[in-house]
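**Q** Just dropping this structure here.
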Amino acid sequence: MVTQFKENESERARKLDGARVAEEIKREAAEDVARLKSAYGVTPRLVVVRVGDDPASAVYVRNKVRLCEELGLGSEHVALPAETTTAELLEVVESLNRRDEVDGVLVQLPLPKGVDESRIIEAIDPSKDVDGFHPINVGRMMLRQPSLLPCTPAGIVELLVREGVEIAGARVCVVGRSNIVGRPVAELLLQRDATVTICHSRTRRIAEVTREADILIVAVGRASFIRAEHVRAGATVVDVGMNKLTDEDEVRDFFGDEAGKRLKAVRERGFTLVGDVHPLQVGAVAGRLTPVPGGVGLLTVAMLMRNTIQAARLRRGIEEERKKGKG
Ligand code: NAP
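This is the structure we're talking about:
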């Protein structure tokens, strides 16, 4: 089957507005923090631990700490040298576990080679595991028990719900089966009554599978992996990928007439950030599409704030909960 391109610009996919939804979640988080402070004298506190000097990690951590400050949460940034051993990092994590005023402990991944990532994640007190990666929280999620949910998958669900995309009964295809995105997002959508298929690197004739989807979620880590032939006309497409594009010809191919700003970024800082979905091709076929940047990435950090607030409530036995209508 050949998917027909839509003929003109007005028929391009509507944007699934991650920025708008992230702002909404942040506004609610700020209200929740203010209420926790005034009603209970509690200020949720997040500690982010970073090991080594990877510049991308440094930016992510700075953004998290800055957002805490903006919303009124307490925050700390612990920066450790690249030579930090597993034992030393375990000690740091354990000391944060012991500090009662700390509600969330996040160790920024990836860790340098040689540090045992699983041991570190498992050492975080599950009640402070605001990334939702601890096996106890993963298990609780699978059993549909209350838990701290992983931020990116929970953010994707929030985006779909708040943008009015019908999940119950929909055919969902998730491309990618990682522990942090593919598997948990598939599970969360299954819990919302979608019929879910997961594709991965061993899937045969992948386009035949992805074209069945009403909602296609892509978390592969390869620029332009999903093209027009993978998408059913009118489908909702969520692009989780974050890839650096450096080649100007590729940028033109990706963005056509709208490549100007992207080319400027490549010339000025060496790259432009793109997802796993070819924006021009898929934009012409899909009904709705998340932009990159401005889509899922913004939600991930907003959901981290929400998890930190939730951890503060759960750890302190505070029952109040934001009207759950949306998320
Ligand atoms: P990952 O752990 O590398 O997993 C990639 C998945 O893609 C794997 O399951 C792999 O299959 C599958 N895959 C690779 N090549 C494929 C192929 N040719 N056909 C079908 N499937 C293929 O990546 P991840 O951590 O899930 O991240 C995926 C992307 O999302 C990355 O670009 C990452 O930067 C981005 N991301 C964004 C956010 C955000 O906040 N926006 C958060 C997390 C991740 P196998 O299992 O068979 O190897």
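Going left to right, the sequence shown walks through residues 1077 to 1403 as our numbering numbers them. Here a beta-carbon is modelled for each residue, glycine too, at the ideal position from N, C-alpha and C. Fair warning: this is a prediction, and the values are worked out from it, not measured in the lab.
#1: Considering only DSSP beta bridges, list what C1227 is partnered with.
#2: Between the beta-carbon of A1388 and the beta-carbon of L1112, is there less than 8 Å?
#3: Can the beta-carbon of G1351 be found closer than 8 Å to that of V1368?
#4: Have a look at the DSSP bridge pairing and note the partners of H1153.
#5: Using DSSP bridges, identify the partner residues of L1182.
#6: Taking the beta carbon of P1120 as the centre, do at least 16 other beta carbons fall within 10 Å, making it buried, or is it exposed?
#7: Counting only the same chain and skipping the five closest in sequence on each side, list residues whose C-beta sits under 6 Å from that of A1246.
#8: Give the range of the beta strand (DSSP E) segment to which D1269 is assigned.
#9: When DSSP builds the beta bridges, which residues end up paired with C1249?
#10: Do Q1184 and V1141 have their C-beta atoms closer together than 8 Å?
#11: Does ligand 1 have even one heavy atom less than 7 Å from the beta-carbon of I1302?
#12: Please state the DSSP three-state secondary structure of R1391.
#13: Can you give me the start and stop residues for the beta strand (DSSP E) that N1319 sits inside?
#14: Classify D1333 as buried or exposed, calling it buried when 16 or more other Cβ atoms lie within 10 Å of its own Cβ.
#15: Does the segment 1204-1218 come close enough to the segment 1254-1261 to have 3 or more Cβ pairs within less than 8 Å?
#16: Under the three-state reduction of DSSP, which class applies to V1168: helix, strand or coil?
#17: Just to check my reading of the structure: V1109 and I1385 have Cβ atoms closer than 8 Å, yes? What is that Cβ distance to the nearest angstrom?
#18: Name the residue from G1215, R1392 and N1173 whose alpha carbon lies nearest to the alpha carbon of I1196.
#19: Using a threshold of 7 Å, is the CB atom of G1317 nearer than that to any non-hydrogen atom of ligand 1?
#20: Please find out if some non-hydrogen atom of ligand 1 comes closer than 7 Å to the beta-carbon of S1277.
#21: Which partner residues of L1339 appear in the DSSP bridge assignment?
#22: Do R1338 and V1327 have their beta-carbon atoms positioned less than 8 Å apart in this structure?
#23: So V1097 and E1234 are supposed to be a Cβ contact under 8 Å. How far apart are they, rounded?
#24: How about G1373: is its Cβ closer than 7 Å to a heavy atom in ligand 1?
#25: Which residue wins for smallest C-alpha separation from P1188, given the options L1156, V1118 and L1266?
**A** Per the coordinate set shown:
#1: Along the sequence shown, read from residue 1 onward, the residue named residue 1227 stands at position 151. Partner(s): none; C1227 has no beta bridge.
#2: Within the sequence shown, residue 1388 is the residue found at index 312, counting from 1. Within the sequence shown, residue 1112 is the residue found at index 36, counting from 1. It is a contact, given that the beta carbons lie within the stated cut-off.
#3: In the sequence shown, residue 1351 corresponds to position 275, counting from 1. In the sequence shown, residue 1368 corresponds to position 292, counting from 1. A distance below 8 Å separates the beta carbons of G1351 and V1368.
#4: Within the sequence shown, numbered from 1, the residue matching residue 1153 stands at position 77. According to DSSP, H1153 bridges with V1124.
#5: Taking the first residue of the sequence shown as 1, we reach residue 1182 at position 106. DSSP, once it has assigned bridges, lists V1124 as partnering L1182.
#6: Along the sequence shown, read from residue 1 onward, the residue named residue 1120 stands at position 44. P1120 comes out buried.
#7: Numbered from its first residue, the sequence shown carries residue 1246 at position 170. The beta carbon of A1246 sits closer than 6 Å to the beta carbons of A1270, D1290 and I1291 from its chain, once the five residues preceding and following it are set aside; these are given in chain order.
#8: Here residue 1269 is taken as the residue at index 193 of the sequence shown, counted from 1. Unbroken run through D1269: none, as it is neither H nor E.
#9: Within the sequence shown, residue 1249 is the residue found at index 173, counting from 1. For C1249, which the question treats as bridged, DSSP gives the partners T1273 and L1292.
#10: To locate residue 1184, count along the sequence shown from 1; it is residue 108. To locate residue 1141, count along the sequence shown from 1; it is residue 65. Cβ distance not < 8 Å, so Q1184 and V1141 don't count as in contact.
#11: Residue mapping note: residue 1302 aligns to position 226 of the sequence shown, counting from 1. Outside the cutoff, so no.
#12: Along the sequence shown, read from residue 1 onward, the residue named residue 1391 stands at position 315. Three-state result, R1391: helix.
#13: In the sequence shown, counting from the first residue as 1, residue 1319 sits at position 243. N1319 to L1321 is the extent of the beta strand (DSSP E) around N1319.
#14: Residue mapping note: residue 1333 aligns to position 257 of the sequence shown, counting from 1. Exposed, since its Cβ has fewer than 16 Cβ neighbours within 10 Å.
#15: yes
#16: Position 92 of the sequence shown, counted from the start, is the residue given in the question as residue 1168. Helix at V1168.
#17: Within the sequence shown, residue 1109 is the residue found at index 33, counting from 1. Within the sequence shown, residue 1385 is the residue found at index 309, counting from 1. About 6 Å; that satisfies the 8 Å criterion.
#18: As a working note, residue 1196 is residue 120 in the sequence shown. Of the candidates G1215, R1392 and N1173, N1173 places its Cα closest to the Cα of I1196.
#19: For this step, residue 1317 is matched to residue 241 along the sequence shown. The answer is yes for G1317.
#20: Residue numbering aside, residue 1277 sits at position 201 when the sequence shown is read from its first letter. It does: the Cβ of S1277 is within 7 Å (strictly closer) of some heavy atom of ligand 1.
#21: On the sequence shown, position 263 is the one that residue 1339 refers to. None; L1339 has no bridge partner.
#22: Locating residue 1327 in the sequence shown gives position 251, where the first residue counts as 1. Locating residue 1338 in the sequence shown gives position 262, where the first residue counts as 1. In contact: V1327 and R1338 (Cβ atoms closer than 8 Å).
#23: Here residue 1097 is taken as the residue at index 21 of the sequence shown, counted from 1. Here residue 1234 is taken as the residue at index 158 of the sequence shown, counted from 1. About 6 Å separates the two Cβ atoms, so the contact holds.
#24: On the sequence shown, position 297 is the one that residue 1373 refers to. Checking the Cβ of G1373 against ligand 1 gives yes.
#25: For the purposes of this step, residue 1188 is taken as residue 112 along the sequence shown, with counting starting at 1. Per the Cα distances, L1156.
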